[in-house]
Amino acid sequence: MRCRFLAVFMGVALSVFTFVIVPQANAEEPIKVVYGFDREFPPFSFEEAKGKAVGFDVDLIRAIFKGQNVKLVTRPLVWDHVLMELSSGAIDLSTGMAKTKQRKLLFNFSEKATLPMKVRLFTKYPNRVGNITLLRGQTVSVKRGSFQQRVLEEFGGMNIKPYPTKADAIHALGRDRVQAYCGPEQTAYYYLNRFKYAKISAVGSLMRITDSYIAVNREKGRILEMVNKGFQRVVATGEYDRIYRKWFVPELYEDDLNKLFEAASEAAVNAYAPYTKVPVGAAVLTRSGKTYVGCNVETAKENITAIKTAVLKAIADGEYDFRAVAALAPDGSVVAPTAEDRQFLFEFGRGILAAVEPDKGDVKMIMVSQLLPYPTLSGNKGFTYD
Numbered sequence: 006m007r008c009r010f011l012a013v014f015m016g017v018a019l020s021v022f023t024f025v026i027v028p029q030a031n032a033e034e035p036i037k038v039v040y041g042f043d044r045e046f047p048p049f050s051f052e053e054a055k056g057k058a059v060g061f062d063v064d065l066i067r068a069i070f071k072g073q074n075v076k077l078v079t080r081p082l083v084w085d086h087v088l089m090e091l092s093s094g095a096i097d098l099s100t101g102m103a104k105t106k107q108r109k110l111l112f113n114f115s116e117k118a119t120l121p122m123k124v125r126l127f128t129k130y131p132n133r134v135g136n137i138t139l140l141r142g143q144t145v146s147v148k149r150g151s152f153q154q155r156v157l158e159e160f161g162g163m164n165i166k167p168y169p170t171k172a173d174a175i176h177a178l179g180r181d182r183v184q185a186y187c188g189p190e191q192t193a194y195y196y197l198n199r200f201k202y203a204k205i206s207a208v209g210s211l212m213r214i215t216d217s218y219i220a221v222n223r224e225k226g227r228i229l230e231m232v233n234k235g236f237q238r239v240v241a242t243g244e245y246d247r248i249y250r251k252w253f254v255p256e257l258y259e260d261d262l263n264k265l266f267e268a269a270s271e272a273a274v275n276a277y278a279p280y281t282k283v284p285v286g287a288a289v290l291t292r293s294g295k296t297y298v299g300c301n302v303e304t305a306k307e308n309i310t311a312i313k314t315a316v317l318k319a320i321a322d323g324e325y326d327f328r329a330v331a332a333l334a335p336d337g338s339v340v341a342p343t344a345e346d347r348q349f350l351f352e353f354g355r356g357i358l359a360a361v362e363p364d365k366g367d368v369k370m371i372m373v374s375q376l377l378p379y380p381t382l383s384g385n386k387g388f389t390y391d
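Note that my numbering has the sequence shown beginning at 6, numbered continuously upward.
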């Protein structure tokens, strides 16, 4: 009897044990995805100590594949090798890729651009001008063989001096070997901060804006689907803005904030508001360190906000690159940017910090993209004046 009972018990135990382990044996293996990136393209993608992959693009790719049963392998390369290995299938995807007719034949691209790549000219403060045409005839440094060199050649009229790397080209300007530098805006600011070149800033008008995409090997359709699905989730959850702010938005010191708020509050006294009787002052801080103020101006037909007035004054002075903006009432309380203000500011960059006060005394600096989650996107691709 004991033997029959033992046999039945063992049979039941074996069946339970089998039920538990079978699903584990059949679990789907993670998909291996090899991400090849430009190892010398800060702050988008580069290597820190011991070969650690870091940068905006690196963080974005990791966020996109998070929770998607993927084993992500990062592979640092020089840019020319990225293109070759992506075409051959040695890597599955890369970032920082502009669409061209030739590349669309070789690769598939993400549905949405990761961000706009802005090509700008930079000069030292004494040589700074509001329009790039005023730099014609000057010597301009640029990375040899880069897209930015082609932009300069198309623009014409400048003495182009190529250097092996973007860092070398930046140093040429810092050491007064050239009068200007041409390169991607975000990379230029990264190097200027790293090398502590404080008296260099961007020339007002942009040379070119090119959307940057995630490129995927043409044989990896499933990976492309995962990229598009993950990218949509990253944007919807606000993770994209968190990553963007981490890499591209310089935070403000307390002294900067105090000066910004004081200037805005003082500007409110000059408001012309005969209809609403609500005076508002605003101040905008530029990347070059200047502060411009404005106030609201009301007429029978339109109401020009204080923020727009301040920004327009900056633009008229050749400043197009803004860090932060605040609008205040005379008593010092924060006035949130209007819907019109938010769209207006977004034209000049999603990373502009705007002051809001959701609760009394709780002042926050929020990226304009967070205040305007569904903006009207500009078709601006850069401009020049002949």
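Beta carbons are placed, not taken as given, at the ideal position from N, Cα and C, and that holds for glycine.
Here residue 120 is not near residue 70, since their CB atoms are 9 angstroms or more apart. Between residue 289 and the set 249, 317 and 274, the nearest pair of CA atoms involves 317. Residue 184 sits buried, since 16 or more C-beta atoms from the chains shown fall within 10 Å of its C-beta. The three-state reading of DSSP puts residue 293 in coil, since its state is none of H, G, I, E or B.
Residue 340 counts as buried, since at least 16 other C-beta atoms from the protein chains shown sit within 10 angstroms of its C-beta. Judged by DSSP in its simplified three-state form, residue 34 adopts coil rather than helix or strand. DSSP, reduced to helix, strand and coil, places residue 325 outside both helices and strands of the structure shown, so it counts as coil. If you ignore the 5 residues before and after residue 233, its C-beta comes within less than 7 angstroms of the C-beta of 115 and 116, all in its own chain and listed in chain order.
Under the DSSP assignment, residue 101 falls in the beta strand (DSSP E) whose first and last residues are 98-102.
Partner residues in the beta bridge of residue 113, as assigned by DSSP, are 221.
For residue 214, the secondary structure class from DSSP, reduced to helix, strand or coil, is strand.
DSSP places residue 379 outside both helix and strand once states are collapsed to three, so it counts as coil.
Of 34, 59 and 33, the smallest CA-CA separation from residue 44 is found for 59.
Comparing alpha carbon positions, the residue from 307, 281 and 319 closest to residue 299 is 319. Residue 113 and residue 36 have their C-alpha atoms spaced approximately 19 angstroms apart. Distance from the CA atom of residue 303 to the CA atom of residue 314, rounded to whole angstroms, is 12 angstroms. Within the same chain, 118 and 121 come within 6 angstroms of residue 216 by CB-CB distance, once the 5 residues on both sides are set aside. Per the coordinates, the alpha-carbon of residue 80 lies some 11 angstroms from the alpha-carbon of residue 86. The three-state reading of DSSP puts residue 202 in coil, since its state is none of H, G, I, E or B. Straight-line measurement puts the Cα of residue 348 at about 16 angstroms from the Cα of residue 308. Assigned with DSSP and collapsed to three states, residue 62 falls in helix. DSSP, read as helix, strand or coil, puts residue 363 in strand.
DSSP places residue 354 in no beta strand (DSSP E); its state is neither H nor E.
With respect to the 9 angstroms criterion, residue 326 and residue 292 are classified as neighbours on the basis of their beta carbons. Contact check for residue 332 and residue 285: beta-carbon distance about 6 angstroms, within the 8 angstroms limit, so the pair qualifies. For the pair residue 147 and residue 101, the CB atoms are not nearer than the 9 angstroms cut-off.
The C-alpha of residue 353 lies about 10 angstroms from the C-alpha of residue 328. Here residue 42 is bridged, per DSSP, to 81. Counting only residues of its own chain and dropping the five nearest sequence neighbours on each side, residue 137 has a CB closer than 7 angstroms to the CB of 126, 208, 210, 212 and 389. Secondary structure of residue 256 (DSSP, three-state): coil. By the criterion of at least three beta-carbon pairs nearer than 8 angstroms, the region 90-107 is in contact with the region 219-237.
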